[in-house]
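Protein chains: 2
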Amino acid sequence: MVVLAVDIGGTKLAVGLVDTDGELVLSERVPTPPGGDADDLWKALAGLAESVAERAAGELIGVGIGVGGPMAWPEGVVSPLNMPGWRDFPLVARLSERFPGIPVRIHNDAVAFAVAEHWRGAGHGSDNMLGMVVSTGVGGGLILGGHLIDGGTGNAGHIGHIIVEPDGPACGCGGRGCLEAVARGPALASWALAQGWQPGGRPSLEPLYLEAAAASARQLAFDAAAGDPIALAAMRRAGRAIGLALASATHLCDLDLVTIGGGLSQAGKLIFDPLEESLRAHARMDFAQRVRVLPAALGQDAGLIGAAALILRSDRYWAG
Amino acid sequence: MVVLAVDIGGTKLAVGLVDTDGELVLSERVPTPPGGDADDLWKALAGLAESVAERAAGELIGVGIGVGGPMAWPEGVVSPLNMPGWRDFPLVARLSERFPGIPVRIHNDAVAFAVAEHWRGAGHGSDNMLGMVVSTGVGGGLILGGHLIDGGTGNAGHIGHIIVEPDGPACGCGGRGCLEAVARGPALASWALAQGWQPGGRPSLEPLYLEAAAASARQLAFDAAAGDPIALAAMRRAGRAIGLALASATHLCDLDLVTIGGGLSQAGKLIFDPLEESLRAHARMDFAQRVRVLPAALGQDAGLIGAAALILRSDRYWAG
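Keeping their order, the protein sequence lines are chains A and B. Numbering-wise (the working numbering), the first sequence opens with residue 1 and increments by one. Numbering-wise (the working numbering), the second sequence opens with residue 1001 and increments by one.
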């Protein structure tokens, strides 16, 4: 018995087969059609899904999907911010037509990440965990009392919108001073450029281009590792903001553990040291001091494994 | 069948009988012995509990307790901040000796408040609710997916320690800039005095005395209602800080509803208007816009009703 696991992102589509032990048996990836309309995107996904499903040879017991928000949940009508071609796209209904007779379940991709880390990653054995992704955006998922928390509309876990600077930068959500507005990769790179950062140590003639590039946060982490003072300050800025948000989340939810994945978490102690410093300065009560922060353990397979868990471990991860 | 409900505070001890419909059948209150040692406090409580329990005439099916934190939970070894006479006092064990053969269960008093509001108050019918008390301290309890969230050590719901001013005033928890440090009654009164507030419109010769008095926050609300500009500014300061914390909590937990009780919530629109303004400015995503904020419905009986619910509705409110 296997689950067809689907992980849909702005740059790549991944589909895999996950067995009942949570092992990813096989997977395939294709680029997300750039600028694709609703049909282009669906054809690319459906083609990939069918090619992978064929290899399940009648063993398929369900389909699990992780995709960027927002979406109507649990119906699975999706409008991923980073895929303008899909607006109110009935993704679950379409996949249910292709794979009739088995359950098709969906959640936010950051929730799928958190579920995977709880089931088989760094959060294994913890009953009260936040799984967090720091990358182009900042997202997360919340496991409390050993069960995935959905909230009223499937949107629990939005750690990126804990407010860390009440009068801080405008956020894509329409608010201001959210963790995401401060610590997402492009915001950090933009902040560093405004402070005079020269990516790669070279004066740049095209700061606006660089600001927009997905590569800029990676370059920032690289320059920080090489000792660039502005890049280091940017990492501290991100780490401190994350630490503040985690102190608030720990107080509200009495967490045992936070696991952090995503591109920016690759910066290692450049991020984790200021993060720990700010978390420990604010989380002082006995119960809050025990929270641990660990890098994610599963790497890029987390999205597929978490999506599969919506089917395979529905006792813990599916209340929809 | 009835439950013996116990609500223990720094100024009063309350014990009541609650029937299976959640109705408070009778209750008695006595002042908490001021400056009492462990034994004084226990004798006062035990005497009151026995006098009320006698009137249950063999119908007693359990004991539920709400008390200020911190405590070892679910064991119920308590050290309430506002009762220095009890440090590591084995409250549950002592009550179990007095009332053998029936369950004795305990939770934080703000959690008991939230449970009561969810079961029979303003939160009835909501599956994702924060119940919050704004008074000498700021506390709360969290119901998600229709069930009380305990967190790893029974401390979930600490909304008072969401950070609203990262470099703000020192907090009793050891941190800085927590909601409680800004919005608890004494902090507000102290802030207003520092701005030149003259309580009751009279210049005060004893600002330090007033600052310490429990009455000062009530006076502040009274003066705000009378139009005192500094008192009004203090209410706005509290309302905004609460709104910020609620935006963060709503994003993290995808709440339907927040109910607010406690002394300061009596100030009505003087607090709720700036609260709503700041909440709505920061909670902009569709899912977050739907959160509603309501004054608590149950008044001073909430603590007893919530404590009883730990026994009567253990399916929802007791995982200890």
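The beta-carbon is built from N, C-alpha and C at its ideal position, and this holds for glycine as well. From a predicted model like this one, the values you see are computed outputs, not experimental measurements.
Extent of the continuous beta strand (DSSP E) to which residue i belongs
i, result
"Pro1295 (chain B)", "1292-1295"
"Met129 (chain A)", "129-134"
"Ser27 (chain A)", "24-31"
"Leu1017 (chain B)", "1012-1019"
Short Cβ contact (8 Å threshold) for residue i with residue j
i, j, result
"His1074 (chain B)", "Gly1320 (chain B)", "Before going on, a small fix: residue 1074 (chain B) reads as Pro here, not His. In contact: Pro1074 (chain B) and Gly1320 (chain B) (Cβ atoms closer than 8 Å)."
"Ser1264 (chain B)", "Val1164 (chain B)", "According to the sequence provided, residue 1264 (chain B) is Leu. The question's Ser does not apply to it. Result no, Cβ atoms of Leu1264 (chain B) and Val1164 (chain B) do not sit closer than 8 Å."
"Gly1140 (chain B)", "Ala1116 (chain B)", "no"
"Thr1136 (chain B)", "Gly1168 (chain B)", "no"
"Ile1159 (chain B)", "Val1138 (chain B)", "yes"
"Leu220 (chain A)", "Ala233 (chain A)", "no"
"Ala1283 (chain B)", "Val1291 (chain B)", "yes"
"Ala296 (chain A)", "Gly10 (chain A)", "no"
"Gly1085 (chain B)", "Ala1156 (chain B)", "no"
"Gly303 (chain A)", "Ala14 (chain A)", "yes"
"Ala189 (chain A)", "Ser216 (chain A)", "yes"
"Ala1044 (chain B)", "Gly1036 (chain B)", "yes"
"Met132 (chain A)", "Val258 (chain A)", "yes"
"Leu1179 (chain B)", "Ile1242 (chain B)", "yes"
"Leu60 (chain A)", "Ala249 (chain A)", "no"
"Ser1051 (chain B)", "Asp1256 (chain B)", "no"
Residue i, enclosing alpha helix (DSSP H) - first and last residue
i, result
"Thr259 (chain A)", "Segment 257-261 is the beta strand (DSSP E) holding Thr259 (chain A); no alpha helix (DSSP H) there."
"His282 (chain A)", "269-282"
"Val324 (chain A)", "Summary: the structure shown does not reach residue 324 (chain A), with chain A confined to residues 1 through 320, and so no result is reported for it."
"Arg1236 (chain B)", "1229-1253"
"Phe287 (chain A)", "286-289"
"Pro1186 (chain B)", "1185-1194"
"Ala1307 (chain B)", "1302-1312"
C-alpha gap between residue i and residue j, whole angstroms
i, j, result
"Cys1253 (chain B)", "Gly1261 (chain B)", "20 Å"
"Ala1057 (chain B)", "Val1003 (chain B)", "12 Å"
"Val1077 (chain B)", "Ser1314 (chain B)", "21 Å"
"Gly69 (chain A)", "Asp1021 (chain B)", "42 Å"
"Cys171 (chain A)", "Ala1238 (chain B)", "24 Å"
"Pro1161 (chain B)", "Glu276 (chain A)", "A small correction: the amino acid at residue 1161 (chain B) is His; Pro does not occupy that position in the sequence shown. Using only the alpha carbons, I get a separation of about 18 Å."
"Gly1200 (chain B)", "Ala1226 (chain B)", "9 Å"
"Ser1278 (chain B)", "Gly1047 (chain B)", "47 Å"
"Glu1054 (chain B)", "Gly1306 (chain B)", "21 Å"
"Ala194 (chain A)", "Met235 (chain A)", "15 Å"
"Leu1294 (chain B)", "Arg1316 (chain B)", "22 Å"
"His107 (chain A)", "Gly66 (chain A)", "5 Å"
"Arg1087 (chain B)", "Leu1041 (chain B)", "12 Å"
"Arg29 (chain A)", "Lys12 (chain A)", "7 Å"
"Gln1289 (chain B)", "Ala1072 (chain B)", "37 Å"
"Val1063 (chain B)", "Phe1089 (chain B)", "17 Å"
"Gly175 (chain A)", "Glu1097 (chain B)", "54 Å"
"Gln1198 (chain B)", "Asp1228 (chain B)", "9 Å"
"Pro166 (chain A)", "Ala1247 (chain B)", "11 Å"
"Lys269 (chain A)", "Gly151 (chain A)", "33 Å"
"Glu23 (chain A)", "Gly123 (chain A)", "17 Å"
"Tyr1209 (chain B)", "Leu310 (chain A)", "Only weak support is given to the placement of Tyr1209 (chain B): the predicted model assigns it a pLDDT of 48, under 50, and the value that follows is read from those uncertain coordinates. Looking at the two C-alpha atoms, the distance is approximately 59 Å."
Per DSSP, the bridge partner or partners of residue i
i, result
"Phe65 (chain A)", "Correcting the residue type first, residue 65 (chain A) is Ile in the shown sequence and not Phe. In the DSSP output, where bridge partners are listed per residue, Ile65 (chain A) has A:Val6, A:Ile106."
"Phe1089 (chain B)", "B:Val1078"
"Met71 (chain A)", "A:Val78"
"His1147 (chain B)", "B:Leu1144"
"Ile163 (chain A)", "A:Cys178"
"Ala170 (chain A)", "A:Arg176"
Check distances from the C-beta atoms of the stretch 111-140 of chain A to those of chain B and list, in chain order, the residues that come in under 7 Å. Hits within the stretch, in order: Asp127, Asn128.
Contact set between the stretch 76-104 of chain A and chain B, restricted to residues whose Cβ is under 7 Å from the partner: Listed in sequence order: no entries.
Closer than 8 Å, Cβ to any Cβ of chain A: which residues of the stretch 1146-1157 of chain B, in chain order? Per Cβ criterion, the list reads His1147, Ile1149, Asp1150, Gly1151, Gly1152, Thr1153, Gly1154, Asn1155, Ala1156, Gly1157.
Against chain A: residues of the stretch 1267-1285 of chain B by CB proximity under 8 Å: Listed by position, the residues of the stretch 1267-1285 of chain B near chain A (Cβ gap below 8 Å) are Ala1281, His1282, Ala1283, Arg1284, Met1285.
Residues within the stretch 1246-1258 of chain B neighbouring chain A, beta-carbon criterion of under 8 Å: When CB distances to chain A are screened at a threshold of 8 Å, the residues of the stretch 1246-1258 of chain B falling below it are Ala1247, Ser1248, Ala1249, His1251, Leu1252, Cys1253, Asp1254, Leu1255, Asp1256, in chain order.
Check each residue of the stretch 1170-1185 of chain B: if its Cβ is closer than 7 Å to any Cβ of chain A, include it; give the result in chain order. Cys1173, Gly1174, Gly1175, Arg1176: these are the residues of the stretch 1170-1185 of chain B whose beta carbon lies less than 7 Å from some beta carbon of chain A, given in chain order.
Listed from N- to C-terminal order along the chain, which residues in the stretch 1027-1043 of chain B have their beta-carbon within a distance smaller than 8 Å of any beta-carbon of chain A? Those would be none; no residue qualifies.
Check distances from the C-beta atoms of the stretch 1305-1319 of chain B to those of chain A and list, in chain order, the residues that come in under 8 Å. Against chain A - using a Cβ distance shorter than 8 Å - the residues of the stretch 1305-1319 of chain B are Ala1319.
Against chain A: residues of the stretch 1218-1246 of chain B by CB proximity under 7 Å: Legend: CB atoms of the stretch 1218-1246 of chain B lying less than 7 Å from CB atoms of chain A belong to residues Leu1244.
Residues within the stretch 1046-1078 of chain B neighbouring chain A, beta-carbon criterion of under 7 Å: Flagged, chain order: Pro1070.
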